[in-house]
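In this note's numbering, the protein residues as written are 109 to 180. Each residue gets a CB set at the ideal place from its N, CA and C atoms; glycine is no exception. This structure is a prediction, so every number in the text was calculated from the model and none was measured. What follows is a single structure, written as structure tokens, with notes after it.
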Amino acid sequence: VFAEDVDSGSAADGISLIGVAGSVAYDAPTRTAAFEPDEPLDPGAYTLSIRSVRDLAGNVMVGAVTVSFVVR
């Protein structure tokens with residue numbers, strides 16, 4: 109969830125699950141982006157990366173955000 113409206117194209121380009129093919133859907137009314145993997149995730153460790161997402165004024169987010177998680 110983003111604090112302000114973002115450019116959906118930059119969200120699609122800037123959000124990834126490292127090593128996993130998939131797509132990103134951005135819902136403007138809720139400012140929520142969701143990564144949808146092409147295949148179900150196998151058990152193991154994953155890292156979600158969020159970087160270079162722009163707001164509607166063209167400002168690019170500073171730094172990157174990464175979140176690691178495990179699927180069991």
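Chain-order list of residues whose beta-carbon lies under 6 Å from that of residue i (same chain, five-residue window excluded)
| i | result |
| --- | --- |
| residue 130 | 143, 144, 145 and 146 |
| residue 149 | 179 |
| residue 155 | 126, 174 and 176 |
| residue 128 | 145 |
Span separating the alpha-carbon of residue i from that of residue j
| i | j | result |
| --- | --- | --- |
| residue 176 | residue 125 | 10 Å |
| residue 119 | residue 112 | 12 Å |
| residue 157 | residue 173 | 6 Å |
| residue 164 | residue 123 | 17 Å |
| residue 170 | residue 159 | 8 Å |
| residue 134 | residue 121 | 11 Å |
| residue 136 | residue 152 | 31 Å |
| residue 132 | residue 166 | 19 Å |
Contacting residues, own chain, Cβ-Cβ under 7 Å from residue i (five flanking each side not counted)
| i | result |
| --- | --- |
| residue 162 | 114, 115, 118 and 168 |
| residue 140 | 109 |
Beta-bridge partners of residue i, as assigned by DSSP
| i | result |
| --- | --- |
| residue 109 | Paired residues: none, contrary to the question. |
Chain D within 8 Å of residue i, Cβ atoms only
| i | result |
| --- | --- |
| residue 142 | The chain labelled as chain D is not found in the depicted structure, where only one protein chain is given. |
Segments assigned alpha helix (DSSP H), at least 4 residues, entirely inside the stretch 115–167:
116–122
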